[in-house]
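Chains as they are written, first to last, in our numbering: chain H, 154 to 602; chain X, 154 to 602.
Glycine is no exception: its CB is placed at the ideal position from the N, C-alpha and C atoms.
Notes to accompany the following structure.
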């Protein structure tokens with residue numbers, strides 16, 4: 154595949170969220186798409202699911218889902234979250250809406266259900282073929298294409314490329330090959346916190362045991378627990394806690410059932426009665442780590458492109474990881490389908506140039522939102538700041554939009570959103586200063602009269 | 154090799170500067186050391202040398218060389234550089250001493266001669282064995298040891314570890330295996346500039362064609378050329394230039410002999426007559442790239458450690474890359490030899506904790522010194538700042554030491570040097586402010602009299 158896209162052939166590595174969505178998009182546009190996935194067919198019986206934090210899908214994600222005709226289907230399996238519900242150690246609740254408009258809700262969606270829906274949608278297009286149990290072990294940078302080990306058989310097959318798109322996640326084999334290229338920038342950086350998934354099952358009458366239309370947060374400064382509602386009445390809880398911490402609790406100090414129970418009863422007393430399998434879940438479920446991956450460029454010649462976590466894994470605290478990956482699919486899909494006469498290498502460069510700076514901004518936002526969620530959401534100052542944001546937006550609906558709203562409920566590129574938010578606050582500060590000065594002058598004039 | 158160091162066995166991957174020095178150090182201390190190197194024996198005939206920028210060895214490097222009894226030998230093949238010699242486009246020269254004392258000189262040393270000397274020194278110890286043409290293809294993290302492909306034979310051998318120390322450079326195979334460990338932080342970041350080595354041969358009478366006891370710099374703001382003296386009367390020149398640059402010259406625009414010649418005659422007119430093989434060198438020699446590598450941690454259990462570029466490649470602009478790698482050898486050697494009863498894993502952690510923060514500081518220093526060398530060294534402000542530093546040091550020899558001196562002519566850990574320099578300048582600024590205020594008050598008092 155040199156220069157012009159004569160062959161119309163696309164190889165996608167990975168049938169996770171990004172790979173399956175991109176397969177659907179490009180398949181619907183008439184490309185011949187082959188998708189290779191390391192795991193077995195999720196539609197089969199012996200399937201083992203991968204990472205399972207449920208997802209928060211918002212405006213950016215729904216835009217890309219809409220492009221393949223799935224927005225309504227996804228909405229039908231989603232649980233809307235209208236805001237944050239903060240739980241204090243004393244069990245007091247405080248609700249705070251996410252958005253400024255009544256339609257500003259985030260949708261909690263099961264990762265596996267969404268993935269299944271995407272695979273079925275892509276597979277419904279006759280020119281998309283899925284090859285499961287094919288584990289990518291490296292890219293052939295010189296000639297294009299990749300090597301795959303076929304599970305069960307143990308044999309290695311070489312798949313000729315066309316354009317190969319790595320959608321194979323934060324530990325991408327395609328990217329690992331690209332890392333050896335001269336002048337390929339790459340970083341993987343882990344947080345000192347890990348995570349553990351736990352469960353709040355449905356209440357006895359089958360309903361949600363907590364307010365269903367909220368993302369629940371137990372902010373405890375150096376750590377936190379969150380819970381997202383599921384369609385079946387359960388909640389998926391995630392405890393974010395330091396791996397090690399000399400001053401406070403950490404995963405390394407929670408070594409037996411007694412300590413885990415004491416920790417939860419002290420920190421999350423209102424949640425414990427709702428978590429009957431707490432101890433089993435805590436010791437059965439793995440402790441996950443949280444990585445930020447950055448890379449550049451996201452393409453190589455006209456042969457390879459990277460999408461989603463494969464080029465830019467972010468930590469989950471802004472609820473934007475999947476939305477950003479879907480945004481990549483939309484951007485790359487738009488370029489490849491709208492301009493079929495262009496040089497593919499040029500289109501890939503354009504895709505990278507459009508996305509890179511914004512995703513770098515998102516990576517920083519996601520890390521800083523961890524501090525906000527676990528520390529600030531519990532403070533009165535934070536609540537007042539949020540109230541001020543809402544008031545300013547009501548007074549100046551066009552001029553003032555909270556950053557969270559721009560990131561979550563618009564498709565404004567991430568960096569533009571951050572820059573605009575900074576400008577807005579600068580204006581507010583200057584305005585307040587001016588008002589202050591005027592008031593002082595007026596008082597002075599009144600006193601002098 | 155679990156816990157205590159019962160076996161006394163060390164495997165070193167790489168016989169470059171760090172690997173050979175560490176082999177000598179540990180061999181002299183009685184360890185059984187096996188060194189595996191991908192290239193052929195440099196003492197043989199068909200050896201192909203690797204990267205060849207010559208080195209600037211200073212205080213930190215000589216300390217580690219002294220530990221294996223090589224300081225004097227290295228001094229005997231070195232050419233002292235007393236300062237920077239700046240060349241303007243008009244051919245005007247300006248000299249600036251590096252240090253504040255007369256012994257403050259940097260030694261220009263041939264990388265290959267130094268490497269050879271280190272290998273011979275290590276090999277002189279009966280318990281050090283070199284295995285050349287063994288290319289490491291990965292580390293066995295679970296069991297310890299590494300896989301090597303034996304050149305010529307093409308066979309793969311597995312070497313059992315003992316403690317395995319990766320000294321295999323910026324593209325380390327040992328580190329590449331460690332990168333797959335959970336929570337291993339890693340980054341590789343390239344500068345937008347590349348480099349090209351060129352040559353100024355000895356003058357007709359065999360002497361140096363430029364002042365020999367200086368590092369020559371042709372600072373041209375967005376790019377620069379430097380030249381380091383060699384023992385044989387020649388200079389190794391290095392042109393640092395952007396790979397691409399829309400506003401100015403770049404490697405991508407220097408595509409033919411005519412353009413190269415025109416560029417050099419405009420920018421380095423005094424050097425061109427001294428470079429008879431300029432055009433051949435320019436097109437024969439590769440364009441190198443400049444990478445900063447960071448990683449953490451630099452060890453795994455009690456089985457693996459990383460040293461030098463393998464864990465922290467820095468760009469060459471502070472002349473500290475080899476000195477820092479030698480500093481690692483000194484630190485790790487001190488720990489392993491002084492405390493033979495300790496748990497090896499604990500010693501490796503201690504090695505990492507001692508070095509990491511300082512090398513991170515050096516990486517930043519090296520990048521910012523590139524701007525200083527190519528841009529500021531040509532400015533009057535820079536010369537005045539250097540003069541002020543020297544004056545302050547003469548007035549307060551204990552209290553004020555220029556940063557460059559602390560980095561180059563002391564063994565003060567890098568971050569301590571930077572912190573101290575910041576404190577010094579803060580003090581100078583406050584002092585100047587106080588003097589300013591006092592002067593204003595005095596003038597006011599005089600005027601009021």
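Segment contact, 8 Å Cβ cut-off, at least three pairs: the region 508 to 515 of chain X with the region 457 to 474 of chain X: yes
Length of the line joining the Cα atoms of residue 436 of chain H and residue 411 of chain H: 12 Å
Beta-carbon separation (whole angstroms), residue 459 of chain H vs residue 442 of chain H, contact threshold 8 Å: Not quite, the Cβ-Cβ distance comes to about 21 Å (not below 8 Å), so this is no contact.
Residue 208 of chain H and residue 261 of chain H closer than 9 Å at C-beta: yes
Range of the contiguous beta strand (DSSP E) that encloses residue 451 of chain X: Taken as a continuous stretch (DSSP letters only), residue 451 of chain X belongs to no beta strand (DSSP E), as it is neither H nor E.
Residue-chain proximity (residue 335 of chain H, chain X), Cβ-Cβ < 9 Å: yes
Residue 416 of chain X versus X/401, X/427, X/430, residue with shortest Cα-Cα distance: X/401
Range of the contiguous beta strand (DSSP E) that encloses residue 339 of chain X: 338 to 353
Residue 187 of chain H: first and last residue of the uninterrupted beta strand (DSSP E) it sits in: 185 to 189
Neighbour flag for residue 338 of chain H against chain C, beta carbons, 9 Å: In summary, chain C is missing from the structure at hand, where the protein chains are H and X.
Local conformation of residue 219 of chain X per DSSP, three classes: helix
Three-way DSSP call (helix, strand, coil) for residue 586 of chain H in this model: helix
Bridge partner(s) assigned by DSSP for residue 388 of chain H: H/353, H/382
The region 477 to 491 of chain H touching the region 366 to 381 of chain H, judged by at least three CB pairs closer than 8 Å: no
Cβ pair count under 8 Å reaching 3, the region 290 to 299 of chain X against the region 423 to 431 of chain X: no
Contacts of residue 389 of chain X in chain H (Cβ-Cβ under 8 Å): Near residue 389 of chain X there are no residues of chain H at all, since even the closest Cβ is about 22 Å away, more than 8 Å.
Meets three-Cβ-pair contact criterion under 8 Å: the region 385 to 405 of chain H and the region 538 to 555 of chain H: no
Proximity winner among X/394, X/349, X/274, X/258, relative to residue 210 of chain X (alpha-carbon distances): X/258
Where residue 596 of chain H falls, given that 16 or more other Cβ within 10 Å makes a residue buried: exposed
Cβ shell of residue 594 of chain H (< 8 Å), same chain only, five flanking positions each side left out: none
Residue 332 of chain X versus residue 420 of chain X: straight-line alpha-carbon distance, rounded: 43 Å
Interface partners of residue 375 of chain X on chain H, CB under 7 Å: Within chain H, no residue comes near residue 375 of chain X; the closest Cβ sits about 18 Å away, beyond 7 Å.
Amino acids of chain H, ordered along the chain, whose beta-carbon sits closer than 7 Å to that of residue 343 of chain X: 336, 338
Length at least 4, wholly inside the region 459 to 502 of chain X: the alpha helix (DSSP H) runs in chain order: 462 to 465, 474 to 491
Short Cβ contact (9 Å threshold) for residue 163 of chain X with residue 194 of chain X: no
Closer than 9 Å to chain X by CB, residue 442 of chain H: yes
Inside the region 216 to 288 of chain H only - beta strand (DSSP E) runs reaching at least 3 residues: 232 to 234, 236 to 240, 246 to 250, 259 to 262, 281 to 284
Residue 203 of chain H versus residue 197 of chain H - alpha carbon distance: Residue confidence is low: residue 203 of chain H scores 48 on pLDDT, short of 50, so the model does not pin down where it sits. Its coordinate-derived value is still stated next. Straight-line Cα distance between these residues: approximately 15 Å.
heavy atom of the ligand SAM below 8 Å from residue 555 of chain H C-beta: As presented, the structure is devoid of all ligands, the ligand SAM included, so that no description of it is given.
Cβ contact check for the region 358 to 375 of chain X and the region 240 to 249 of chain X: 3 or more pairs under 8 Å: yes
Inter-stretch contact at 8 Å, needing at least 3 Cβ pairs: the region 335 to 345 of chain H / the region 337 to 355 of chain X: yes
Beta carbon proximity, residue 447 of chain X to chain H, threshold 9 Å: yes
Rounded C-alpha distance that separates residue 158 of chain X from residue 276 of chain X: Low confidence applies here, because residue 158 of chain X scores a pLDDT of 44, under 50, leaving its location unreliable; read the following figure in that light. Looking at the two C-alpha atoms, the distance is approximately 23 Å.
Cβ-based neighbour list, residue 374 of chain H, same chain, cut-off 8 Å, excluding 5 preceding and 5 following: 527, 528, 531
Supposed close pair residue 616 of chain X, residue 350 of chain X - CB separation, criterion 8 Å: Only positions 154 to 602 of chain X appear in the structure, and residue 616 of chain X is not among them; the question remains open.
Buried versus exposed, by CB contacts within 10 Å (16 or more), residue 190 of chain H: buried
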